Amino acid sequence: MAGKRTINGYIWHHNAQSAPNNMQLVPLEIHDAVRHTGQNALKKGR
Numbered sequence: 001m002a003g004k005r006t007i008n009g010y011i012w013h014h015n016a017q018s019a020p021n022n023m024q025l026v027p028l029e030i031h032d033a034v035r036h037t038g039q040n041a042l043k044k045g046r
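Numbering (UniProt numbering), first residue to last: 1 to 46.
Structure below.
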C-alpha cells in the first residue's frame with residue numbers, strides 16, 4: 001500500500017505504550033469500539 005495514507009476499513013492508532021512510540025493500522029470497527037482519549041486531546045488538556 002505504498003503511497004496510501006489509509007486502507008479502507010482501517011484507521012491509524014497512536015500506540016504510546018510501545019517503545020519507541022509508533023502508529024498502528026487497526027480495523028476501524030475495533031478502534032471505534034474501544035473508546036479512549038487520543039493524544040491530541042491530552043495535549044490540549046481535554
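Cβ atoms here follow ideal geometry from the backbone N, Cα and C, with glycine treated the same way. Values in this document were obtained by computation on a predicted structure and should not be read as measured data.
- Query: What is the DSSP secondary structure of Gln39, reduced to helix, strand or coil?
  - Reply: Counted from its first residue, the sequence shown places residue 39 at position 39. Helix.
- 6 Å Cβ shell around Arg35 - same chain, five flanking residues per side excluded: To locate residue 35, count along the sequence shown from 1; it is residue 35. Excluding sequence neighbours, Arg35 sits near nothing in its chain.
- Query: If you run the structure through DSSP and keep just helix, strand and coil, what is Ile30?
  - Reply: Start at 1 with the first residue of the sequence shown, and residue 30 comes out as number 30. Here Ile30 sits in helix by DSSP.
- Query: What residue from Pro20, Ala19, Gln39 has the CA that sits closest to His13's CA?
  - Reply: To locate residue 13, count along the sequence shown from 1; it is residue 13. Closest by alpha carbon: Gln39.
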